[in-house]
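Shown next, in structure tokens, is the structure this report addresses.
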Amino acid sequence: MKKPGKKVILDSKGMERVLSRLTHEILEKNKGAEDLALVGIWSGGVPLSKFIQEKIRAIEGVEVPAGFVDITLYRDDLSRAGYQPRLKRTEIPFSIDEKKVILVDDVLFTGRTIRAAMDALIDFGRPKNIQLAVLIDRGHRELPIRADYVGRNVPTSRSETVDVMVQGGREEWKVVLNEAAPARGE
Amino acid sequence: MQWRRRHVLGLADFRVEEMEFVIDTARSMEEVLTRDIKKVPALRGKTAVNLFFEASTRTRTSFEIAGKRLSADVVNFSAATSSVTKGETLLDTARNIEAMKPNILVVRHPASGAPHFLSQHVSCSIINAGDGANEHPSQGLLDLYTILKAKGKVSGLKIAIIGDILHSRVVRSNLHSLGRMGAKLWLCGPSTLVPKEMERAGARVTYDMREAVRDADVVMMLRIQLERQKTAYFPSLREYSRMFGLSRAVFSLAKEDAVIMHPGPINRGVELSDDLADSAQSRILNQVESGVAVRMALLYLLAGGHDAAH
Numbered sequence: 001m002k003k004p005g006k007k008v009i010l011d012s013k014g015m016e017r018v019l020s021r022l023t024h025e026i027l028e029k030n031k032g033a034e035d036l037a038l039v040g041i042w043s044g045g046v047p048l049s050k051f052i053q054e055k056i057r058a059i060e061g062v063e064v065p066a067g068f069v070d071i072t073l074y075r076d077d078l079s080r081a082g083y084q085p086r087l088k089r090t091e092i093p094f095s096i097d098e099k100k101v102i103l104v105d106d107v108l109f110t111g112r113t114i115r116a117a118m119d120a121l122i123d124f125g126r127p128k129n130i131q132l133a134v135l136i137d138r139g140h141r142e143l144p145i146r147a148d149y150v151g152r153n154v155p156t157s158r159s160e161t162v163d164v165m166v167q168g169g170r171e172e173w174k175v176v177l178n179e180a181a182p183a184r185g186e
Numbered sequence: 001m002q003w004r005r006r007h008v009l010g011l012a013d014f015r016v017e018e019m020e021f022v023i024d025t026a027r028s029m030e031e032v033l034t035r036d037i038k039k040v041p042a043l044r045g046k047t048a049v050n051l052f053f054e055a056s057t058r059t060r061t062s063f064e065i066a067g068k069r070l071s072a073d074v075v076n077f078s079a080a081t082s083s084v085t086k087g088e089t090l091l092d093t094a095r096n097i098e099a100m101k102p103n104i105l106v107v108r109h110p111a112s113g114a115p116h117f118l119s120q121h122v123s124c125s126i127i128n129a130g131d132g133a134n135e136h137p138s139q140g141l142l143d144l145y146t147i148l149k150a151k152g153k154v155s156g157l158k159i160a161i162i163g164d165i166l167h168s169r170v171v172r173s174n175l176h177s178l179g180r181m182g183a184k185l186w187l188c189g190p191s192t193l194v195p196k197e198m199e200r201a202g203a204r205v206t207y208d209m210r211e212a213v214r215d216a217d218v219v220m221m222l223r224i225q226l227e228r229q230k231t232a233y234f235p236s237l238r239e240y241s242r243m244f245g246l247s248r249a250v251f252s253l254a255k256e257d258a259v260i261m262h263p264g265p266i267n268r269g270v271e272l273s274d275d276l277a278d279s280a281q282s283r284i285l286n287q288v289e290s291g292v293a294v295r296m297a298l299l300y301l302l303a304g305g306h307d308a309a310h
């Protein structure tokens, strides 16, 4: 057995490369940026969607509308948590009707967050379609959900955690895999 | 912080960070209210009962809409049409409703302390929607929220509250919410309706309307309860209106960007002149709007994992 520890899976340069590739894939599959809209899932998905928005501007020269969604009020475990989680902000300042909405999140895990985010989006309108872009797919799905664009597949055990650190400046961005921490029982 | 409270009975023991937590939650709720589909599934499967032993349309409706926006089932129980008129006690009524397994009881009662009493005898969460002359915590929070939205802060503001202070539960909750957030509170009205003891709660008391309004940032008018006239707290409505009604002339003493608030319902032409009630400075309808968001926040925070806890 390996000793538990932290492993940097992606540094800031690596993240930038991966997100650039994701952006190209999004543009390729949708044949450009027409009717695209980005919605980041609060909080990890928000800076990533901003990055993709900038990248699209650099490549295609267009400003794709971007917003973010907090899924707390759509969670399926609200009454099971010991206390009510603090609400964050939702801001989708454009109509998503007939848009191709790219939902952006940092880590795809059980899929429950994505289910909640899709329910939230549907309350805002009727998009043409919803596509999912994630930086890390760590497996262990509990719902039939898959991503259309995956930055990295990272095989993990359930007791491991993946931290996408995007709080500070871009040069500090990184993705860390916390290997099997025995204290964290699941 | 984490929300630990099971009941909201009054603001007397609310910490500043708890009030900020509610306001922060209300801000997120307000965004929901701007959507086309003004409903989220957060409280699906939860039941809130509005248990009102006193007439109220706006507070009850506000709680009802708040609950429904969160997908809770909301049931209204009003004393006028219930077994209370057949002689049932408060506790029996509450126990009967409790047996139907609601999660939250929203209680209004003419006796101070009734919600506190119930909270010791039933297992669901209780929100005080006004008890006698004691407290009206959701109003205290929505007033705080409304002022924060209008002014960006509360600390240091001069807030004049004018009218029947003696019987007002709104004032008592506001003393806690606005007072604890650092507002300079002035209370004003006829001396029969403004107990000098209120100064012990940290407010300034004056019987001179002009002194209260001068340089105020917020002027909050209270409804003069017409039914109180019988008890001769003041000689006549007309005299009351002349001395303590808010007119353009008096309001001009306040700061230029001052706003007017009123917990409703308004007696137009008595405590507040017609044109001021509808003026750009009036935040009265904003209070109603904030009320739904604040009540959504309270229902959301109380409906959380308490089931798991007991």
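Protein chains in written order, with our numbering: chain A, 1 to 186; chain B, 1 to 310.
The beta carbon of each residue, even a glycine, is placed where N, CA and C say it ideally should be.
Query, Result
"On a Cα-Cα basis, can you pick out the residue from S12(A), D105(A), I130(A) that is closest to L187(A)?", "Since the first and last residues shown for chain A are 1 and 186, residue 187(A) lies out of range."
"Can you check whether the CB of R58(B) is closer than 9 Å to the CB of P265(B)?", "yes"
"Which residue marks the beginning of the alpha helix (DSSP H) containing Y327(B), and which one marks its end?", "With chain B covering 1 to 310 only, the question about residue 327(B) has no answer from this structure."
"Would you decide whether Q2(B) is buried or exposed? Buried here means 16 or more other CB atoms lie within 10 Å of its CB.", "exposed"
"Do V107(A) and V176(A) come within 9 Å of each other at the CB atom, strictly closer than that value?", "no"
"How many Å lie between A114(B) and R35(B) at the Cα?", "37 Å"
"Which residues, taken in chain order from the region 286 to 301 of chain B, show a beta carbon closer than 9 Å to some beta carbon of chain A?", "A297, Y300, L301"
"What's the call for E256(B), buried or exposed, on a 16-neighbour Cβ count within 10 Å?", "exposed"
"Less than 9 Å between the C-beta atoms of V162(A) and V154(A), yes or no?", "yes"
"Is there a C-beta anywhere in chain B that falls below 9 Å from the one on L143(A)?", "no"
"Would you say T72(A) reaches chain B, if we count a Cβ-Cβ gap shorter than 9 Å as a contact?", "yes"
"CA-CA distance, A312(B) and V106(B)?", "Because chain B here runs from 1 to 310, residue 312(B) falls outside it and cannot be looked at."
"Taking its Cβ as the centre, do 16 or more other Cβ atoms sit within 10 Å of V40(B), making it buried, or is it exposed?", "buried"
"Nearest by alpha-carbon distance to D76(A): which of K55(A), T113(A), V62(A) is it?", "T113(A)"
"Do we get a CB-CB distance below 9 Å when we pair S43(A) with the residues of chain B?", "no"
"Whose C-alpha, out of G169(A), T90(A), K55(A), is nearest the C-alpha of I26(A)?", "K55(A)"
"Note down, in chain order, each residue of its chain lying with its Cβ closer than 7 Å to the Cβ of K68(B), except the 5 sequence neighbours on either side.", "V74"
"If you count every other CB in all the chains shown that lies within 10 Å of the CB of R295(B), and 16 or more means buried, which is it?", "buried"
"Applying the criterion that 16 or more other CB atoms from any shown protein chain within 10 Å of the CB defines a buried residue, is A55(B) buried or exposed?", "exposed"
"Are Y74(A) and A120(A) closer than 9 Å when you measure CB to CB?", "yes"
"For T72(A), name the three-state secondary structure that DSSP assigns.", "helix"
"Please name the residues in the region 219 to 238 of chain B whose beta-carbon is closer than 7 Å to at least one beta-carbon of chain A, in chain order.", "none"
"Hey, out of N178(A), E179(A), R170(A), A180(A), whose CA is closest to L19(A)'s CA?", "R170(A)"
"If you follow the alpha helix (DSSP H) that R21(A) is in, where does it begin and where does it stop?", "12 to 29"
"Which residue from R21(A), R86(A), E172(A), V101(A) puts its Cα closest to that of I92(A)?", "V101(A)"
"Select from the region 119 to 148 of chain A all residues with a C-beta closer than 9 Å to any C-beta belonging to chain B, and list them in chain order.", "D119, A120, I122, D123, F124, G125"
"Whole alpha helix (DSSP H) runs in the region 144 to 187 of chain B with 4 or more residues, listed along the chain?", "169 to 180"
"Anything in the region 263 to 274 of chain B with a Cβ closer than 7 Å to a Cβ of chain A? List those residues in chain order, please.", "none"
"Can you grab the Cα-Cα spacing for the pair F251(B) / T61(B), in whole Å?", "31 Å"
"Near E30(B), which residues of its chain fall below 6 Å by C-beta distance, leaving aside the five closest residues on each side in sequence?", "A293"
"Following the continuous alpha helix (DSSP H) through S49(A), name the residue where it begins and the one where it ends.", "45 to 60"
"Quick one: which residues of the region 88 to 110 of chain A get their C-beta closer than 8 Å to a C-beta of chain B? List them in chain order.", "K88, R89, T90, E91"
"At a CB-CB cut-off below 8 Å, which residues of chain A make contact with E31(B)?", "R89, T90, E91"
"I need the DSSP call for R184(A), collapsed to helix, strand or coil.", "Legend: pLDDT at R184(A) = 47, less than 50; position of this residue unreliable, value from coordinates given subsequently. R184(A) falls in the coil class under three-state DSSP."
"Between which two residues does the beta strand (DSSP E) carrying F21(B) extend?", "Where F21(B) is concerned, there is no enclosing beta strand (DSSP E), although the alpha helix (DSSP H) it sits in stretches over 16 to 33."
"Can you give me the Cβ contacts of R141(A) inside the same chain, cut-off strictly under 6 Å, excluding the 5 residues immediately before and after it?", "G111"
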